[in-house]
Amino acid sequence: MMAERQLTPIQRFFGGLAEYAFESRLGVADPPLVEYMADLLTRFIQSDAIFAIRNLTGRRVDEVVDMLAEAQCRVGTARRDIHRHIGDFTLFWTGVYPEALLRLRGTDRKDYLVDYCVQGKRAYRIASTIPTSDDDAENEVLERLSHEFDVCVRGLGEMRREWERRDPGEAARLLWLN
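The sequence shown lines up with residues 369 to 546 when you count with my numbering.
Structural data, given as structure tokens:
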């Protein structure tokens, strides 16, 4: 029997939102995918996680075009991790904060012509094909993310609407408990 992991208050908060949004609102009953969405938001609470990719000189990479270039310079799990991050990055901004896309893809940015949905789907697909030493469960979720990207965008939007509908201070309070 597998031991249940201990969840922090913010993980429980996002887990509940994910279950509500995906299962109740969208009819998506896929526990590993729903858990991935909750974990994504939990990880991306920290802006350092959103902008985790660094180039070979250590400079922060904050545009998808540059992340793609970094992925081409890497092999194995490092390449897989960057493609997974590109998927997470594009899914997060497209699903949770679509209004930020105007700035992220502004005319003064390299990402001006980048379609975040297309690149996110592609990145998850590539990440899912790079073998890891772990079991294949995560690769299966990444493959589903590549196919269900648009559904996940809608689900993340539902999650945001729900947390904004609730007591606005609840998420902030949970961050302090995390």
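Cβ atoms here follow ideal geometry from the backbone N, Cα and C, with glycine treated the same way. Note that this is a predicted model, so its numbers are computed, not measured.
Where residue i sits in the DSSP three-state scheme
| i | result |
| --- | --- |
| R522 | helix |
| R422 | strand |
| C485 | helix |
| P466 | helix |
| I454 | helix |
| S501 | coil |
| F390 | helix |
| V402 | helix |
| D476 | coil |
| R373 | coil |
| Q414 | coil |
Classification of residue i by the beta-carbon crowding that lies within 10 angstroms, buried from 16 upward
| i | result |
| --- | --- |
| S392 | exposed |
| G395 | exposed |
| C520 | buried |
| L375 | exposed |
| Q414 | exposed |
| Y480 | exposed |
| G523 | buried |
| Q487 | buried |
| R452 | buried |
| A397 | exposed |
Beta-ladder partner(s) of residue i, from DSSP
| i | result |
| --- | --- |
| R428 | R422 |
Inter-residue CB distance, residue i and residue j (contact presumed, cutoff 8 Å)
| i | j | result |
| --- | --- | --- |
| I454 | L469 | About 15 Å; that fails the 8 Å criterion. |
| F382 | L409 | 5 Å |
| R448 | I498 | 4 Å |
| A389 | E526 | 4 Å |
| C485 | F517 | 6 Å |
Neighbour flag for residue i against chain B, beta carbons, 7 Å
| i | result |
| --- | --- |
| L401 | Included in the structure is just one protein chain, with no chain B present. |
Cβ-heavy atom distance, residue i to the ligand SAH, below 6 Å
| i | result |
| --- | --- |
| A446 | Ligands in the displayed structure: none, and consequently the ligand SAH is not present. |
The segment 424-434 in contact with the segment 471-491 per 3-pair CB rule at 8 Å: Segments in contact, yes.
Is the segment 473-490 close to the segment 419-428, with three or more CB pairs under 8 Å? No, the segment 473-490 does not touch the segment 419-428.
Counting pairs of beta carbons, one from the segment 496-511 and one from the segment 460-468, are three or more of them closer than 8 Å? Judged by Cβ distances under 8 Å, the segment 496-511 makes no contact with the segment 460-468, as fewer than three pairs qualify.
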